[in-house]
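Data block below; observations after.
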Amino acid sequence: MPERIIQSVSALEACVGKTPGPRDLKVIDFLDAEALRWISASPCLFVSRAGKHDNRAQATIAGGEPGFVKAQASHLTIARASIDGADSFGIGDGFGSLFVIPTQKESLRVNGTVTGISDTEVTVEVAQCYLHCAKAFMRSKLWQEYEPGSEVKTESEFCEKTRFMLVATSDRDRRADMSPKGDPAGMLLQLHDGQFWYSDRPGNRRVDGFRNILNQPQIEILALLAGSPQILRISGEAVMYAEHQQKDRFIVAEKEPLLVVRIHPEHVSFEQSAALARAKLWPPHEPKLKFNPTEIWKGHMKLSKVSGVDATLAKAAVSMPGVLQTGLDWDYKNNLY
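Each residue of the sequence shown is one higher than the one before, starting from 105 at the first, in the working numbering.
Printed below as a string of structure tokens:
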């Protein structure tokens with residue numbers, strides 16, 4: 105099979121498809137009431153930070169009791185003591201994040217810029233907020249299957265066991281993104297001839313992370329072991345392939361991925377995340393607050409500032425009772441791989 109590298113947005117869209125409808129229709133530029141409720145129930149925050157000096161994405165984790173991050177409509181306030189490697193943050197850094205809640209398959213993305221740092225807190229001005237789809241969590245079975253205290257000692261064994269990871273990317277303007285990836289064990293992250301590989305599965309087709317790789321290919325990955333605070337950190341340069349023999353290694357449910365990503369590692373390390381330990385994600389417990397993802401999406405679409413004929417039609421369609429939920433149910437059942 106001849107190799108075919110993806111080097112442009114048009115080539116990327118030809119491979120994974122264009123984002124349906126207005127790209128930012130589910131995105132708002134502040135934290136609404138539902139987002140604030142979500143954050144108040146979240147014990148764990150995965151963060152992509154883009155430094156103002158080199159724009160490279162670095163990944164970290166913050167964790168604590170549910171609601172450890174304080175939030176208002178315009179900004180987040182995060183205790184430095186809750187962040188792994190908090191000293192690396194600087195004013196002006198790009199900030200991409202993912203708030204997770206045990207048992208919940210969706211996650212909340214909040215992106216923005218670090219605007220304040222004190223001896224005790226990091227302040228982030230919010231630029232984007234939207235709910236991320238459930239597919240990565242569904243494919244990984246992150247909350248359903250876990251092994252308490254699991255720990256491995258080799259990179260290859262970690263790759264064989266991990267089912268969930270976070271990919272931190274950024275562009276040249278320090279816009280940072282943190283994308284969740286999930287797959288069965290052995291099908292998420294693979295190590296071949298000193299190179300790490302992962303694939304793309306169907307998602308929301310925003311492909312922010314892949315767009316960032318085209319713009320700035322230095323990325324960082326945090327791979328997790330469900331039930332354990334141990335993580336595998338991988339930093340390096342990423343290359344995307346529309347065609348490569350490695351795609352055959354990622355076939356799941358008889359479906360080949362649309363693309364694969366190769367990472368030439370510059371840094372690889374095993375770490376024990378104090379933030380993950382504090383978050384106590386496993387065993388997962390139902391949050392005290394209840395959430396209806398469909399209603400959150402509908403609310404964000406109504407609040408979205410995106411205009412135009414397509415946006416108006418989309419908003420009208422999802423306002424009809426049951427339409428959005430029916431579409432999501434079909435997509436999750438038929439388009440997981």
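Each residue gets a CB set at the ideal place from its N, CA and C atoms; glycine is no exception.
Exercise. Determine, using beta carbons only, whether residue 407 and residue 136 come nearer to each other than 8 Å.
Key: yes
Self-check item: Counterpart residues of residue 215 in DSSP-defined beta bridges
Solution: 200 and 232
Practice problem: Go through its chain and collect everything with a Cβ distance to residue 445's Cβ below 6 Å, but skip five positions before and after it. | Solution: Look at the range of the chain in this structure, 105 to 441, and you will see that residue 445 is not part of it.
Exercise. Look up residue 242 in the DSSP assignment and give the residues it is bridged to.
Key: Under DSSP, residue 242 shares a beta bridge with no residue.
Self-check item: Inter-residue CB distance, residue 281 and residue 307 (contact presumed, cutoff 8 Å)
Solution: Not a contact, Cβ separation roughly 13 Å.
Quiz item: Mapping DSSP to helix, strand and coil, what is residue 208?
Solution: coil
Quiz prompt | Backbone secondary structure at residue 160 - three-state DSSP | solution = coil
Self-check item: Pairwise C-alpha distance: residue 426 and residue 326
Solution: 37 Å
Quiz item: Ends of the beta strand (DSSP E) at residue 284?
Solution: 280-286
Quiz prompt | residue 143 versus residue 311: straight-line alpha-carbon distance, rounded | solution = Rounded to whole angstroms, residue 143 to residue 311 spans 24 Å at the Cα level.
Practice problem: From the DSSP output, in three-state form, read off residue 460 for me. | Solution: With the chain covering 105 to 441 only, the question about residue 460 has no answer from this structure.
Quiz item: Apart from the five residues just before and just after residue 438, which ones in its own chain have a Cβ nearer than 6 Å to its Cβ?
Solution: none
Quiz item: Below 8 Å between beta carbons: does that hold for residue 371 and residue 339?
Solution: yes
Quiz item: Can you find a CB in chain B that lies within less than 8 Å of the CB of residue 240?
Solution: Annotation note: the requested chain B is absent from the structure, which comprises a single protein chain.
Exercise. Spatial neighbours of residue 342 within its chain, please: CB distance less than 6 Å, with the 5 preceding and 5 following residues excluded, ordered by chain position.
Key: 317, 321, 323, 365 and 367
Quiz item: Since residue 407 is in the alpha helix (DSSP H), which residue starts that stretch and which ends it?
Solution: 397-407
Quiz prompt | CB contact flag (residue 418, residue 129, <8 Å) | solution = Yes, the pair counts as a contact, with Cβ atoms nearer than the cut-off.
Quiz item: Which of helix, strand or coil does DSSP assign to residue 183?
Solution: strand
Self-check item: Bounding residues of the beta strand (DSSP E) (the contiguous stretch that carries residue 274)
Solution: 268-274
Quiz item: With a Cβ-Cβ cutoff of 8 Å, do residue 268 and residue 246 count as a contact?
Solution: yes
Exercise. Evaluate the contact criterion for the region 144-155 versus the region 253-266: three or more CB pairs, one atom per stretch, below 8 Å.
Key: no
Quiz prompt | Pairwise C-alpha distance: residue 212 and residue 354 | solution = 27 Å
Practice problem: Let me know if residue 424 comes out buried or exposed under the rule of 16 or more other beta-carbons within 10 Å of its beta-carbon. | Solution: exposed
Quiz prompt | Integer Cβ distance of residue 163 from residue 152, believed to fall under 8 Å | solution = Between residue 152 and residue 163 the Cβ distance is about 6 Å, and since that is below 8 Å, they are a contact.
Quiz item: Could you give the distance in angstroms between the alpha-carbon of residue 233 and the alpha-carbon of residue 332?
Solution: 29 Å
Quiz item: Beta carbon of residue 197, beta carbon of residue 276: below 8 Å?
Solution: no
Quiz item: Out of 414, 415 and 399, which has the shortest C-alpha to C-alpha gap to residue 429?
Solution: 399
Quiz item: In the structure shown, what three-state DSSP assignment does residue 366 receive?
Solution: strand
Self-check item: Selected residue, minimal CA-CA separation from residue 112, among 251, 319, 434 and 347
Solution: Ranking the options by Cα distance to residue 112, first place goes to 319.
Quiz prompt | Spatial neighbours of residue 250 in its chain, beta-carbon cut-off 6 Å, leaving aside the 5 residues before and after | solution = Closer than 6 Å at Cβ, skipping near neighbours: 330, 331 and 386.
Quiz item: DSSP beta-bridge partners for residue 166?
Solution: Bridge partners of residue 166: 149 and 187.
Self-check item: Cut-off 7 Å between Cβ atoms - residues of its own chain near residue 139, not counting five sequence neighbours on either side
Solution: Here the set comprises 212 and 233.
Practice problem: Taking 8 Å as the cut-off, decide whether the C-beta atoms of residue 301 and residue 349 are in contact. | Solution: no
Exercise. Assuming residue 148 and residue 171 form a contact by the criterion Cβ under 8 Å, report the distance between their Cβ atoms to the nearest whole angstrom.
Key: In fact, because the Cβ distance is near 12 Å, the residues do not count as touching under 8 Å.
Practice problem: On a CA-only basis, which of 207, 190 and 238 is nearest residue 221? Give me that one, please. | Solution: 190
Exercise. Within its chain, find whatever has a CB closer than 8 Å to the CB of residue 242; leave out the 5 residues flanking it on each side and keep chain order.
Key: 209, 286, 436 and 440
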